[in-house]
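First comes the structure, then the notes that go with it.
Number of protein chains: 2
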Amino acid sequence: MTDADAPRSDVHDGPEADEAPPASAHAPLTRRPRAAVTMHEVAARARVSIKTVSNVINGYPHIRPATKERVEKAIQDLGYKVNASARNLRRGRAGVIGLALPELALPYFAELADEVMKAAERHGVSVLIEHTGAQRSREFDVLRSDRRSLTDGLLFSPLEMAQDDVGALTVDYPLVLLGERIFGGPVDHVTMANVEGARAATAHLIERGARRIAVVGSHEGEVVGSAALRLNGYLQALNEAGIPMDPELIREAGLWHRSTGAEATRRMLDDGVAFDAVFGLNDALALGALHELHQRHVDVPGQVKVIGFDDIEDAAYSTPTLSTISPGKQQIARTAVDFLMERISTPELLLGPRYVEAEFSVVARESTGG
Amino acid sequence: MTDADAPRSDVHDGPEADEAPPASAHAPLTRRPRAAVTMHEVAARARVSIKTVSNVINGYPHIRPATKERVEKAIQDLGYKVNASARNLRRGRAGVIGLALPELALPYFAELADEVMKAAERHGVSVLIEHTGAQRSREFDVLRSDRRSLTDGLLFSPLEMAQDDVGALTVDYPLVLLGERIFGGPVDHVTMANVEGARAATAHLIERGARRIAVVGSHEGEVVGSAALRLNGYLQALNEAGIPMDPELIREAGLWHRSTGAEATRRMLDDGVAFDAVFGLNDALALGALHELHQRHVDVPGQVKVIGFDDIEDAAYSTPTLSTISPGKQQIARTAVDFLMERISTPELLLGPRYVEAEFSVVARESTGG
DNA sequence: GACTAGTCCTACAACGTTGTAGAAGAGACT
DNA sequence: AGTCTCTTCTACAACGTTGTAGGACTAGTC
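Residue numbers (our numbering), protein chains in the order written: chain F, -7 to 362; chain X, -7 to 362.
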């Protein structure tokens, strides 16, 4: 049972370099620099065909235990790793999905990315993250980028594209849209219950006795988009409660950062507008408002109640802790990844675009006396 | 000038499926499901060899302008995109680097990832992010994962592996280590000036009059690691100022979250330990401390000054705003990516492991009286 | 008008894997 | 013994790209 006389069948097409230089004891310290082990080498060592190695790796059932062991040992010994490029080429699939979002430094997107990665892991795929930097042109670029061929599909969360750009969503790879910039496109769309969530946030403030509820973060003239939808929910709640809307209480903030939230609040205070609550259209804005109110020695929740939207982690640790709407990030991520993987694995199934709004909940914390 | 009679040279090995089914008028509405355009089809349309298409795409200089135009038009017409798997297989390079970190939901890592992606973009490569969830076993897994063949190299930021695990860093692909868990490994290492930064933070508190400076976030028994190094810097600063160290002021916190920072502070207050400053070993801890001090109506910076470490974005928007040490995240990211790309593109250059500490700065904000 | 030196293009053979087809042998049933 | 089925394995040909080698021109040189 020596190695030498084995009938090495499939060896002729293996790399010739594999033959040891005859009897010249080569310095074993010279580690071979970068020659990755291939199936051929494993096959030669285990004295099976390269296809059998492939079969072992892919869990093909009809393999004699002895053979399987021999192959597995050879894999161990040589430290073999499958070459993903070759496998992907052959299988026509990359095992990678793309996630395009504005910026990881924005907490909501970092947390979303986190959930997406966890969801992707359940499907055994990796995630390639791409930044758009919230630049319109880069959002278009991402859709047509060469990198698309590195991924089997894309989760796309635009922040600048608008309803008119719906045409750009017609692409020849699986695409799932996130967010609320575009509706009714030709693709699966997973989003949060913006209108209902905002209505609930506002209703929560009303329940706690607020009557002059300021909104921070509106976007003048917007029709869809988080700002418009959430403002809509706010107006619905006021209406339901029979509270008149006061335009002075609706404050613009282009970017939804703490700084802009603080600034909008500052202006409102400077304008002398009376209010007993602030609805920040996202948590960053609300935290900014909180910050400014504290600066001005306005008691929260005593004089002014504050609520946000998104339930980012910070909201639980601010001073005071921030009430907010939890939009179901995990459900969004899971649904989106499930949809995408479904499209990827059964492209022949030509079902129409699906639309899902995740379930939200009101998280009552100190900032609303909660 | 029809297409039909063109002498289609290189076509015999093109996909046979391309031939239309004989005269059966197939419903034109049935969009061809998923047959990506290949170079073969572009070549056939432009009536050149497939290699010429490749040459055009890769900017090979000796191509007649007319030919080039014809090829480019065909690419346009067919919407051709190169297949990354095939290219990578052939080139032996993926154009993707891995970034393994504990969790994106931790602000420091989200911001680091952001900077890494920007740095990667300058090199024209994509970033595949992997979570370790701060689990020791997963940190080992990441180093040996199958996914390594999807990437040309790895930026690795462990949080649980320790000095003893240095052996695991001997891998056969380019690897750059981040963080301060392991030193003196066989790989390039980029980190921040933990000791010096912590010393500066402590000195800053001393300058502002603090004498009983509590530390929140220590890790008992740790020798390397951010906790140990930063504690070390703290002790050095005390020593330089001739202030005796009081063990009661050094408070443990395993995880560096706001909640644990708040809790450690709470315990310290409950214990009745007197202190006039808190050095949170990271910003999250410091923000937690800030939160707890506020709950207990302790004035910051009046009664107690607080400083953190990392300069996460939140630090600038807390109430009061948090002084901190800015560790040079951008420099870290850029240096790490530069090192990695250098290793990837010139693997034959066997230079020894390099070690870089980024430059830090003290950011004085309200929490230390600004 | 033969040589050399480009220029522009093509054919072929890889890269490392997996799907398809099928061969060889063992066992089970006529 | 002959047929059938199942198990276990192998050979071959792809997947779509690019490096190598070289062929067919054109233009310049002596």
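We treat Cβ as the ideally placed atom computed from N, Cα and C, and that holds for glycine.
_Can you look up S210(X) in the DSSP assignment and give me helix, strand or coil?_
Within the second sequence, numbered from 1, the residue matching residue 210(X) stands at position 218. Looking at S210(X) - three-state DSSP - the assignment turns out to be strand.
*Would you kindly work out how many angstroms separate the C-alpha atoms of A219(F) and R243(F), rounded to a whole number?*
Locating residue 219(F) in the first sequence gives position 227, counting from the first residue. Locating residue 243(F) in the first sequence gives position 251, counting from the first residue. Roughly 11 angstroms separates the two Cα atoms.
_Exposed unless 16 or more other CB atoms sit within 10 angstroms - verdict on H249(X)_ = To locate residue 249(X), count along the second sequence from 1; it is residue 257. Under this definition H249(X) is a buried residue.
*Between L93(X) and the rest of its own chain, which residues show a CB-CB distance below 6 angstroms, the 5 nearest in sequence each way excluded?*
Counting from 1 along the second sequence, the entry for residue 93(X) is found at position 101. Same-chain partners within the cutoff: F101 and S149.
*Could you tell me whether the region 58 to 76 of chain F touches the region 103 to 116 of chain X, where touching means 3 or more Cβ pairs closer than 8 angstroms?*
no
_Cβ-based neighbour list, L227(F), same chain, cut-off 8 angstroms, excluding 5 preceding and 5 following_ = Within the first sequence, numbered from 1, the residue matching residue 227(F) stands at position 235. If we look at L227(F) and ignore the five residues flanking it on each side, its Cβ neighbours are M237.
*Does the Cβ-Cβ distance between L279(X) and G300(X) come in under 8 angstroms?*
Start at 1 with the first residue of the second sequence, and residue 279(X) comes out as number 287. Start at 1 with the first residue of the second sequence, and residue 300(X) comes out as number 308. Yes, Cβ-Cβ distance for L279(X) and G300(X) is below 8 angstroms.
_From G51(F), L167(F) and V48(F), residue whose alpha carbon lies closest to that of G344(F)_ = By 1-based counting over the first sequence, the position of residue 344(F) is 352. The shortest C-alpha separation from G344(F) is found at L167(F).
*In chain order, what residues of the region 160 to 190 of chain F put their CB closer than 7 angstroms to some CB of chain X?*
none
*Under 8 angstroms Cβ to Cβ from E212(X), same chain only, skipping five residues before and after it: list those, please.*
As a first step, residue 212(X) must be located in the second sequence, where it is residue number 220. Once the five neighbours on either side are set aside, the close Cβ partners of E212(X) are E244.
*Neighbour list for S118(F) in chain X, Cβ cutoff strictly below 8 angstroms*: Looking up residue 118(F) in the first sequence gives position 126. Chain X residues near S118(F): L120, E122, R139 and L142.
*Taking C-beta pairs closer than 7 angstroms, name the residues in chain F that V74(X) reaches, listed in chain order.*
By one-based count along the second sequence, residue 74(X) stands at place 82. The contacting residues are D138 and S141.
*Using the beta-carbon of each residue, which ones in chain F are nearer than 8 angstroms to T311(X)?*
By one-based count along the second sequence, residue 311(X) stands at place 319. Under the 8 angstroms cutoff, chain F gives L282, H283, H286, Q287, S310 and T311.
*For P7(F), is the classification buried or exposed, using 16 other Cβ atoms within 10 angstroms of its Cβ as the cut-off for buried?*
As a working mapping, residue 7(F) is identified with position 15 in the first sequence. Low per-residue confidence applies at P7(F): pLDDT is 34, beneath 50, and the placement is therefore not dependable enough to give any value.
*Please go through the same chain and pick out, in chain order, the residues whose beta-carbon is closer than 6 angstroms to the beta-carbon of T360(X), but skip the five residues on each side of it.*
Counting from 1 along the second sequence, the entry for residue 360(X) is found at position 368. Answer for T360(X): R200, P293, K297, I299 and S315, listed in chain order.
_Cross-chain neighbours of A105(X) in chain F, by beta carbon under 7 angstroms_ = Within the second sequence, the letter at position 113 stands for residue 105(X). Going along chain F in sequence order, the residues near A105(X) (Cβ under 7 angstroms) are L96.
*If we ignore side chains and look at the alpha-carbon of each, how far apart do G84(F) and N47(X) end up?*
The sequence position of residue 84(F) within the first sequence is 92, counting from 1. The sequence position of residue 47(X) within the second sequence is 55, counting from 1. Those two C-alpha atoms are separated by around 24 angstroms.
_S318(F) and V355(F) closer than 8 angstroms at C-beta_ = For this step, residue 318(F) is matched to residue 326 along the first sequence. For this step, residue 355(F) is matched to residue 363 along the first sequence. In this structure, V355(F) lies closer than 8 angstroms to S318(F) by Cβ.
*Cβ of D291(F) less than 8 angstroms from any chain X Cβ?*
Against the first sequence, residue 291(F) aligns to sequence position 299. Judged by the 8 angstroms Cβ criterion, D291(F) is not in contact with chain X.
_Residues sharing a beta bridge with T338(F), DSSP_ = As a first step, residue 338(F) is located in the first sequence; it is residue number 346 there, counting from the start. Looking at the DSSP assignment, T338(F) forms no beta bridge with any residue, so it has no partner.
*Give the DSSP-derived three-state secondary structure of F301(X) in the structure shown.*
Counting from one through the second sequence, the residue named residue 301(X) turns up at place 309. It is coil, neither helix nor strand.
*Identify the continuous beta strand (DSSP E) that holds I89(F) and give its terminal residues.*
Position 97 of the first sequence, counting from 1, holds the residue named residue 89(F). V88 to L93 is the span of the beta strand (DSSP E), which, as asked, contains I89(F).
_Chain-ordered neighbours of R250(F) on chain X, where CB pairs are closer than 9 angstroms_ = For the purposes of this step, residue 250(F) is taken as residue 258 along the first sequence, with counting starting at 1. Result: E305, D306, A308 and Y309.
*Applying a beta-carbon distance threshold of less than 8 angstroms, which residues of chain X neighbour V88(F)?*
Here residue 88(F) is taken as the residue at index 96 of the first sequence, counted from 1. L120 and L142, listed in chain order.
*Ignore the nearest five residues each way along the sequence and tell me which others in T230(X)'s own chain have a CB closer than 7 angstroms to its CB.*
Within the second sequence, numbered from 1, the residue matching residue 230(X) stands at position 238. The sequence as given places Leu at residue 230(X); Thr does not occur at that position. Excluding residues within five positions, the ones whose Cβ falls inside 7 angstroms are T194 and M237.
*Find the residues of chain F that neighbour N224(X), judging by a C-beta separation of less than 9 angstroms, and give them in chain order.*
For the purposes of this step, residue 224(X) is identified with residue 232 of the second sequence, where counting begins at 1. Within chain F, no residue comes near N224(X); the closest Cβ sits about 28 angstroms away, beyond 9 angstroms.
*Could you check which residue in I89(X), Q155(X), E334(X) and G234(X) has the C-alpha nearest to that of V134(X)?*
Within the second sequence, numbered from 1, the residue matching residue 134(X) stands at position 142. Considering only alpha carbons, the answer is I89(X).
_Please report the straight-line C-alpha distance between R346(F) and T327(F), rounded to a whole angstrom._
Counted from its first residue, the first sequence places residue 346(F) at position 354. Counted from its first residue, the first sequence places residue 327(F) at position 335. Cα to Cα, the separation comes out at about 11 angstroms.
*Bridge partners of Y347(X), per DSSP?*
Working through the second sequence from its first residue, we reach residue 347(X) at position 355. Bridge partners of Y347(X): H181(X).
*Cβ of L279(X) within 8 angstroms of any chain F Cβ*: What you label residue 279(X) is simply residue 287 of the second sequence in a count that begins at 1. Judged by the 8 angstroms Cβ criterion, L279(X) is in contact with chain F.
*If we count the other Cβ atoms within 10 Å of its Cβ and call it buried at 16 or more, is D306(F) buried or exposed?*
By 1-based counting over the first sequence, the position of residue 306(F) is 314. With 16 or more Cβ atoms within 10 Å of its Cβ, D306(F) is classed as buried.
*Exposed unless 16 or more other CB atoms sit within 10 angstroms - verdict on E351(X)*: Walking along the second sequence from the start, residue 351(X) turns up at place 359. Exposed, because fewer than 16 other Cβ atoms sit within 10 Å of the Cβ of E351(X).
*So what's V354(F) in DSSP terms, helix, strand or just coil?*
Within the first sequence, the letter at position 362 stands for residue 354(F). Three-state DSSP puts V354(F) in a strand.
*asked:* Check whether the region 324 to 341 of chain F and the region 256 to 267 of chain F are in contact - that is, three or more C-beta pairs closer than 8 angstroms.
replied: no
*In chain F, what lies closer than 7 angstroms to N363(X) by C-beta?*
In the structure as shown, chain X begins at -7 and stops at 362. Residue 363(X) is therefore absent and cannot be evaluated.
*Would you call the CB atoms of D106(X) and E107(F) closer than 8 angstroms?*
Here residue 106(X) is taken as the residue at index 114 of the second sequence, counted from 1. Here residue 107(F) is taken as the residue at index 115 of the first sequence, counted from 1. Cβ atoms of D106(X) and E107(F): not closer than 8 angstroms.
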